[in-house]
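Asks: Numbering (full-length UniProt numbering), first residue to last: 1 to 735. Every residue, glycine too, gets a C-beta built ideally from N, C-alpha and C. From a predicted model like this one, the values you see are computed outputs, not experimental measurements. I have a structure I would like to understand better, so I am pasting it below and will then ask my questions one at a time.
See below:
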């Protein structure tokens with residue numbers, strides 16, 4: 001790989017061009033150049049690569065299957081929304097060498113710890129700035145590097161640091177000298193003073209001093225001594241200090257930058273919730289028009305849409321089916337110019353990727369526009385391709401009185417769609433007899449059911465109807481009507497505007513309804529640009545399946561990623577207790593209806609920022625003027641945001657030292673979003689980075705917030721350093 005190889009880069013059936021690929025000496029960067037012009041076209045870092053797929057595993061390579069054998073083809077998949085790189089090697093051996101090599105390098109990159117990552121980051125910068133590639137850096141190169149790194153430093157100060165690091169006095173920095181320079185540059189005064197406040201000799205924290213810090217500041221109350229020992233073992237770089245059970249200032253900083261020092265409670269990262277409650281008791285990660293990766297009118301339909309959504313933990317996917325040529329149903333956005341994909345391909349992708357990220361059930365929401373003949377094909381393909389994965393009967397063969405749990409439905413795919421007749425008719429025997437007219441049913445209603453069943457029979461293939469079990473789509477006819485039938489296996493879909501109106505007019509009824517039945521919300525048809533609505537107001541009413549355009553970055557997807565980044569990213573998050581009780585009094589528009597103590601106070605001291613990225617496509621070399629905005633997304637009474645002042649010309653180590661405070665009436669539903677922006681007095685501020693999490697997952701104390709890009713991918717080592725305090729209201733007075 002370091003010798004380099006000539007391969008074909010493919011963008012479409014007609015676009016195949018020779019490119020020369022080479023792994024750099026750092027074993028972390030790959031660059032490629034045009035064969036014709038010889039100029040370097042692009043480079044990427046191994047840490048940007050999510051995975052490598054062998055063979056014809058992308059639509060582009062599938063379209064060339066006749067021309068090139070699978071053993072010469074592979075696809076490099078990047079994190080976020082960056083497009084895949086499809087390559088064809090000169091021989092099967094060469095393809096294997098790159099596939100295996102890349103996989104090993106990805107393994108190395110992902111298993112790096114905090115310290116190795118920072119060293120790697122330093123090496124990356126060194127490579128970028130060492131213009132003449134002589135492995136050393138003169139002062140001019142260092143100045144250019146500082147600008148690239150978002151550091152606005154006066155020349156004298158930079159020169160002093162440069163000379164202090166230039167131990168060999170050669171006028172250039174080499175390898176280790178550059179690391180020294182970088183360490184001096186990134187010294188964290190605010191962390192050092194915190195360290196010294198707890199350290200008697202100012203040089204180390206003894207085990208007991210560290211325990212004091214963990215108890216007093218980090219509010220770690222269980223097994224604190226074991227935790228302190230663990231942290232020293234894990235993060236103390238010096239062996240002598242480790243042997244003496246002490247933590248140096250370096251080790252202290254490593255701990256604060258680690259997962260244990262993060263704002264996100266590490267216990268909530270993995271699966272931590274009860275997964276045995278009925279499906280309707282969970283918020284479920286859900287995507288709208290999953291096949292689109294751009295806009296709704298001309299956008300490209302792609303299998304990648306499904307793969308990306310499933311990899312992000314999405315558990316409810318949408319598929320729009322229309323009659324296609326040669327009796328093959330196709331998936332696309334009807335009556336628009338979006339491209340088409342065969343239904344069969346969507347189903348096989350689903351079969352392959354459904355349970356790679358999460359073992360819990362996937363709901364396939366079917367928008368069926370097919371003729372009877374092609375509906376038979378849909379049913380056949382679902383059964384043939386998914387086999388055992390497709391749920392085709394209730395789990396115990398009985399009429400459900402409540403929905404089964406994610407635990408009971410592990411590794412199952414549930415079809416959501418129309419169904420002929422009622423589930424109980426199917427289970428009690430053939431569905432031809434008219435529904436019984438029981439005492440509480442009036443004749444007119446039974447008549448209505450009969451009419452509906454007849455209509456369904458005319459437009460719906462029995463085979464497809466039989467694939468629908470727990471998610472029978474029905475039109476919403478009001479909460480009263482739904483309650484009078486009490487069928488938990490029915491589900492209504494509402495457009496965002498209709499849902500908003502119900503929340504305004506009947507908030508409590510909506511919450512109660514969602515305690516026993518599923519509701520799906522989808523974006524307004526006017527959102528042709530694939531924009532999103534705020535999922536928060538729908539979650540506030542307990543709606544479980546709040547479908548968003550996953551392909552569109554922005555606050556709404558940040559909230560979705562923020563809510564579902566907990567619980568092992570399994571795509572299911574348990575609703576708070578007052579939303580799972582069918583007799584609840586809770587109404588999101590009146591927070592006093594939540595039983596329990598008064599509001600919680602969240603106090604956030606925004607201390608500093610570290611190595612914030614430059615704004616994409618900014619005027620070359622412009623250094624940012626960062627500010628931090630903290631937003632609370634929750635019930636209307638809790639919606640709020642506050643921001644710090646901006647710091648001029650410093651994206652490298654800005655200090656704010658400002659305190660923001662919020663009152664949360666319904667903390668169980670609140671999400672907290674930290675946003676960094678580049679202040680601009682003449683136009684809108686530019687986005688720099690963000691991090692969103694549920695209030696329930698916040699760890700108090702001194703914490704780092706590791707920022708994410710617009711696409712929700714990590715941008716190490718960019719972070720914010722904050723102090724968090726959560727004050728619960730006093731308990732009820734005793735008589």
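Who are the Cβ neighbours of residue 130 in its own chain at under 8 Å, not counting the five residues just before and after it?
Replies: So the qualifying residues of the chain are 136, 137, 141.
Asks: So, helix, strand or coil for residue 200, using DSSP?
Replies: Coil, per DSSP.
Asks: In the DSSP assignment, find the unbroken beta strand (DSSP E) run with residue 674 in it and report its ends.
Replies: From DSSP, the beta strand (DSSP E) with residue 674 extends over 671-678.
Asks: Under the DSSP definition of a beta bridge, which residues are partnered with residue 320?
Replies: In the DSSP output, where bridge partners are listed per residue, residue 320 has 367.
Asks: Measuring only the C-alpha atoms, how far is residue 132 from residue 170?
Replies: Roughly 17 Å separates the two Cα atoms.
Asks: Rounded to whole angstroms, what's the CA-CA distance from residue 704 to residue 173? Just pull it up for me.
Replies: Roughly 31 Å between the two C-alpha positions.
Asks: Between 467, 361, 570, which lies nearest to residue 739 when the distance is taken from Cα to Cα?
Replies: As displayed, the chain neither begins before 1 nor continues past 735, which places residue 739 out of reach and without an answer.
Asks: Buried or exposed: which applies to residue 333, given that a residue is buried once 16 or more other Cβ atoms fall within 10 Å of its Cβ?
Replies: Buried, since its Cβ has 16 or more Cβ neighbours within 10 Å.
Asks: Determine the direct distance from the alpha carbon of residue 48 to that of residue 89, and round the result to whole angstroms.
Replies: The alpha-carbon atoms of residue 89 and residue 48 are separated by roughly 21 Å.
Asks: Thinking just about the alpha-carbon of each residue, which of 234, 393, 692, 303 is nearest to the one in residue 339?
Replies: Minimum Cα distance to residue 339 is reached at 303.
Asks: Taking buried to mean at least 16 other C-beta atoms within 10 Å of its own C-beta, is residue 521 buried or exposed?
Replies: Classification for residue 521: buried.
Asks: Looking at the strands, I want to know which residues DSSP matches up with residue 17.
Replies: According to DSSP, residue 17 bridges with 9.
Asks: Tell me whether residue 15 is buried or exposed, calling it buried when 16 or more other Cβ atoms sit within 10 Å of its Cβ.
Replies: By the 10 Å Cβ count, residue 15 comes out exposed.
Asks: Classify residue 326: buried if its beta carbon has 16 or more other beta carbons within 10 angstroms, exposed otherwise.
Replies: Looking at its Cβ environment, which holds fewer than 16 other Cβ atoms inside 10 Å, residue 326 is exposed.
Asks: Throw me the rounded Cβ distance for the residue 671 and residue 695 pair, which I believe falls under 8 Å.
Replies: Confirmed, about 7 Å.
Asks: Do you know offhand how far residue 349's Cα is from residue 306's?
Replies: Distance between the alpha carbons of residue 349 and residue 306 is about 7 Å.
Asks: For residue 516, which of helix, strand or coil comes out of DSSP?
Replies: Here residue 516 sits in coil by DSSP.
Asks: Are three or more beta carbon pairs between the segment 394-401 and the segment 371-378 nearer than 8 Å?
Replies: Touching, no.
Asks: Where are the alpha helix (DSSP H) runs, 4 residues long or more, that stay fully inside the segment 21-63, in chain order?
Replies: Within the segment 21-63, the complete alpha helix (DSSP H) runs of at least 4 residues are 59-62.
Asks: Restricting to Cα atoms, I'd like to know which of 403, 467, 424 is closest to residue 415.
Replies: Nearest option by C-alpha distance: 467.
Asks: Runs of 4 residues minimum, wholly inside the segment 243-328: which ones carry the alpha helix (DSSP H) assignment?
Replies: Listed in chain order, the complete alpha helix (DSSP H) runs (minimum 4 residues) inside the segment 243-328 are 249-257, 303-311.
Asks: Have a look at residue 596 and residue 585 and give me their C-alpha separation to the nearest angstrom.
Replies: Going from the Cα of residue 596 to the Cα of residue 585 covers about 12 Å.
Asks: Using a threshold of 7 Å, state whether the C-beta atoms of residue 676 and residue 626 are closer than that.
Replies: Yes, they are a contact pair.
Asks: Where DSSP assigns a beta bridge to residue 640, which residues make up the other side?
Replies: DSSP lists 632 as partners of residue 640.
Asks: Among 469, 62, 81, which has the Cα closest to the Cα of residue 72?
Replies: Here the closest residue by C-alpha is 62.
Asks: Over what stretch of residues does the alpha helix (DSSP H) that includes residue 349 continue unbroken?
Replies: From DSSP, the alpha helix (DSSP H) with residue 349 extends over 343-353.
Asks: Is residue 536 close to chain C? Criterion is C-beta to C-beta, closer than 7 Å.
Replies: Included in the structure is just one protein chain, with no chain C present.
Asks: What's the gap between the Cα of residue 156 and the Cα of residue 229?
Replies: The straight-line gap from Cα to Cα measures roughly 42 Å.
Asks: With DSSP run on the structure shown, which of helix, strand or coil describes residue 136?
Replies: Residue state, collapsed to three classes: strand.
Asks: So which of 534, 255, 377 has the shortest CA-CA distance to residue 465?
Replies: Checked all of 534, 255, 377; the closest Cα to residue 465 is 377.
Asks: Classify residue 365 as buried or exposed, calling it buried when 16 or more other Cβ atoms lie within 10 Å of its own Cβ.
Replies: Buried.
Asks: Is residue 148 buried or exposed, if buried means 16 or more other CB atoms sit within 10 Å of its CB?
Replies: Looking at its Cβ environment, which holds fewer than 16 other Cβ atoms inside 10 Å, residue 148 is exposed.
Asks: For residue 175, which of helix, strand or coil comes out of DSSP?
Replies: Helix at residue 175.
Asks: Beta-carbon within less than 7 Å of residue 249's beta-carbon, same chain only, minus the 5 sequence neighbours each way: which residues are those?
Replies: Here the set comprises 192, 195.
Asks: Looking at residue 623: is its Cβ nearer than 7 Å to the Cβ of residue 150?
Replies: Yes, Cβ-Cβ distance for residue 623 and residue 150 is below 7 Å.
Asks: Could you name the residues that DSSP lists as bridge partners for residue 661?
Replies: The partner list for residue 661 (beta bridge, DSSP) reads 603.
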